[in-house]
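So in our numbering, spot 183 of the sequence shown is number 312, and the numbers just go up one at a time.
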Amino acid sequence: MLNLTRRNIFKACLAGAAASPLALMGAASAATPASKCNQPRLQWGRSIEGQRTADLGNGMYLNPIIAGDRPDPTILKDGDDYYMTFSSFNSYPGIVIWHSRDLINWVPLGPALKKNIGTVWALDLCKHGDRYYIYIPALTDGKPWAIYAIWANNINGPWSDPIGLKIDGCIDPGHAVGEDGKRYLFVNGIRKIRLTDDGLATDGKLENAYSPWRYPDDWIVENFAPEGPKLMRRGDWFYLVTAVGGTAGPVTGHMVIAARSRSIHGPWEHCPHNPLVRTLSEAEPWWSRGHATLVEGPAGDWWMVYHGYENGFRTLGRQALLEPIEWTDDGWFRAKGGDLSQPLPAPVTKKNKTKPANSGVALSDDFSSNKFGSQWCFHNPGPAENARVKYRTKMLELAASGDSPIDSSPITCGAVDQAYQVEVTLKLIEGAEAGLILFYNHKAFVGLGFTPGTIKTFQYAEEQTWARLGFKSNNVRARLTNDRHVITYEYSEDNGRTWQLHPTRMEVSGINHNVFGGFLSLKIGIYCAGNGKVQISDFKYRAL
């Protein structure tokens with residue numbers, strides 16, 4: 130227990146946190162030496178299930194515009210509609226497309242990629258003519274990076290199967306149309322290659338396109354890593370927005386730079402305001418800010434969408450951020466949002482347009498409809514993984530694979546809040562083992578597993594056999610509370626009427642990319658291993 134003096138200190142530093150020892154200990158674990166008491170607690174709007182939302186309801190917004198793991202955003206303005214998607218890495222079905230009309234309130238439409246092509250990194254969503262395209266870099270075990278294309282005549286699909294473009298060793302494609310009307314892909318480096326008119330094959334060789342602006346040698350960055358090229362044309366100029374400095378590592382590394390040219394072929398002129406965005410201190414609320422795309426707002430104003438890690442919450446992954454920009458008289462642009470610690474005026478929407486839907490989506494699931502792909506997904510599934518999932522009346526049935534979470538692919542769903550609680554009912558069939566976990570990858574997870582005779586405790590990717598508890602039921606309701614990285618478990622044998630507190634608590638702030646790599650996030654997971662299957666029902670999510 131914390132003593133009274135320390136408790137009062139934490140309450141002063143973290144105004145608004147629940148005044149319980151667990152809440153205070155969880156908040157304290159998230160703090161960094163530079164950020165304990167020098168900033169007030171940010172106050173978001175609240176939406177479905179108490180989830181935080183950027184829209185404050187008073188003409189202002191507070192980042193993130195989409196909370197949770199939304200790395201490498203790529204955004205498309207299509208008339209009055211905006212569509213955005215993100216790197217989906219090892220999650221399948223993947224590449225969930227989100228829709229908005231005001232850049233602040235976003236709802237998911239569904240996944241565009243259902244065939245496993247490997248680890249999916251930074252994409253580009255674009256429209257050419259009447260057809261939508263997504264250009265996808267993917268890494269399959271034992272093969273070099275490759276770039277694929279998928280297309281659809283409607284943003285809601287159906288989307289084509291992936292088509293290989295035979296561009297090996299490249300990531301971060303950015304689509305552009307030159308002054309000659311020809312189509313090009315820019316990739317990391319910064320290099321470019323011409324595409325055929327249908328955008329589904331290459332028509333030339335990969336060549337150097339731009340030598341990016343260099344920061345001073347004494348800046349603290351991860352590495353140079355010029356990547357994420359995004360292009361747009363405004364007036365007589367092409368603008369090339371690029372990320373440099375490395376995606377993670379030191380919080381001051383990642384940044385946004387720009388260049389311009391009157392031709393898609395260059396020469397490119399460095400922006401005199403570089404870097405346009407960069408985290409300068411660990412005291413800022415958003416770390417490692419970068420990988421930006423410019424987009425015109427609903428009323429003709431201009432914005433920049435990019436990602437960043439939340440101060441003290443790398444476990445949530447990189448989240449989607451929106452910052453206003455202004456065009457200067459010399460034809461360049463500047464970012465106007467600062468460190469994003471304060472609410473900003475929301476984009477102005479056109480009069481007489483449909484009011485945007487509330488942001489987000491309910492994560493609670495009674496399994497009366499199939500949310501596989503829009504909410505639930507597999508981590509790095511095998512070829513026949515989808516056959517493990519069957520929807521029954523208000524339940525999802527998951528067949529066993531592997532012997533434990535170490536070698537079984539769990540179904541996962543992303544978390545969006547600093548503190549939350551989830552519950553789920555698990556019915557073990559034919560002697561199966563199943564459990565509720567927080568899952569980063571097979572080397573980094575925590576949680577509880579249930580068999581017909583035992584409760585297992587998984588602590589940092591291994592079972593603590595000394596901590597096994599007796600259990601005599603095939604039916605359990607499990608509860609997991611994540612209170613700012615402090616994890617508490619409970620379980621019930623009477624469907625939640627009475628609860629038993631599990632004797633072990635865990636702290637999980639270190640389960641993030643800077644420790645385990647992979648650029649992932651700590652997701653809510655349900656696994657089934659051994660033999661048989663588990664029937665999953667009545668999943669509840671609640672922000673704290």
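For each residue, glycine too, the CB sits at the ideal point set by N, CA and C.
The beta strand (DSSP E) spanning residue i covers which residue range?
i	result
His394	His394 -> no beta strand (DSSP E), and no H or E assigned at all.
Phe744	Any property of residue 744 remains undetermined from this structure, which presents the chain solely from 130 to 673.
Ala305	Gly303 to Val306
Ser621	Val615 to Ser621
Thr203	Thr203 to Asp207
Leu527	Met524 to Ala528
Trp505	Careful: Trp505 lies outside any beta strand (DSSP E) and carries neither H nor E.
Trp280	Ala275 to Ala281
Gly654	Lys652 to Ala658
Please classify residue i: is it buried, with 16 or more other beta-carbons within 10 angstroms of its beta-carbon, or exposed?
i	result
Arg521	exposed
Gly439	Sequence inspection shows Glu at residue 439; the Gly mentioned does not correspond to that position. With 16 or more Cβ atoms within 10 Å of its Cβ, Glu439 is classed as buried.
Leu565	buried
Trp456	exposed
Glu562	buried
Asn317	buried
Ile349	exposed
Asn245	buried
Ala428	exposed
His516	The amino acid at residue 516 is misidentified as His; the sequence shows Ala. Answer is exposed; the Cβ neighbour count stays below 16.
Tyr670	buried
As a quick exercise: from the options, pick the residue whose alpha carbon is nearest that of residue i.
i	options	result
Leu294	Ala278, Gly247, Lys206 and Gly303	Ala278
Ser666	Met635, Gly659, Val605 and Thr627	Val605
Asp231	Tyr435, Ile640, Val424 and Ala544	Val424
Leu598	Leu609, Thr586, Ala590 and Ala607	Thr586
Glu452	Thr583, Met524 and Ile233	Ile233
Leu82	Phe568, Asp623, Met433 and Asp326	The question about residue 82 has no answer here: the residues shown for the chain are numbered 130 through 673.
Gly426	Leu185, Ile454 and Ile265	Ile454
Val380	Leu254, Gly197, Glu413 and Phe218	Glu413
Trp432	Ala475, Asp468, Ser392 and Trp415	Ala475
Lys500	Ile177, Cys542 and Ala658	Cys542
Ala388	Glu398, His394 and Gly382	Glu398
Phe353	Ile319, Lys256, Ile194 and Gly333	Ile319
Leu252	Phe507, Asn509, Met384 and Asp301	Asp301
In whole angstroms, what separates the C-alpha of residue i from that of residue j?
i	j	result
Val306	Gly578	53 Å
Phe668	Ser493	5 Å
Lys662	Leu242	26 Å
Ser530	Glu559	13 Å
Val249	Thr214	12 Å
Glu539	Val518	For the record, residue 539 in the displayed sequence is Pro; it is not Glu. Answer to the nearest angstrom: the Cα atoms are 11 Å apart.
Tyr549	Gly489	15 Å
Arg626	Gly208	51 Å
Arg362	Gly502	34 Å
Gly375	Lys556	45 Å
Gly646	Arg418	18 Å
Thr422	Ile204	7 Å
Glu675	Asn403	Missing from the structure shown is residue 675; the chain here goes from 130 to 673 and no further.
Leu673	Gln504	20 Å
Asn570	Gly460	45 Å
Tyr701	Leu324	Examination of residue 701 is not possible in this model, given that the chain is present from 130 through 673 alone.
Trp227	Arg199	11 Å
Thr115	Ala528	Look at the range of the chain in this structure, 130 to 673, and you will see that residue 115 is not part of it.
Indicate whether at least one CB of chain B lies closer than 8 Å to the CB of residue i.
i	result
Asn219	Chain labels in this structure do not include chain B; a single protein chain is all it has.
Inset, instruction - Pick out the complete beta strand (DSSP E) segments inside the segment 543-612, 3 residues or longer, and give them in chain order. - result: 548-558, 562-570, 573-579, 583-587 and 604-612
Inset, instruction - Please specify which runs of the beta strand (DSSP E), each continuous and at least 3 residues long, are wholly inside the segment 409-462, giving them in chain order. - result: Here the runs fully enclosed are 415-425, 431-439 and 442-456.
Inset, instruction - Taking only runs that begin and end inside the segment 353-383, name each unbroken beta strand (DSSP E) of 3 or more residues, in chain order. - result: Note on the segment 353-383: whole beta strand (DSSP E) runs with a minimum of 3 residues are 356-363 and 366-373, in chain order.
Inset, instruction - Kindly provide the ranges of any beta strand (DSSP E) runs that are 3 or more residues long and lie completely inside the segment 218-254, ordered along the chain. - result: 223-229 and 236-242
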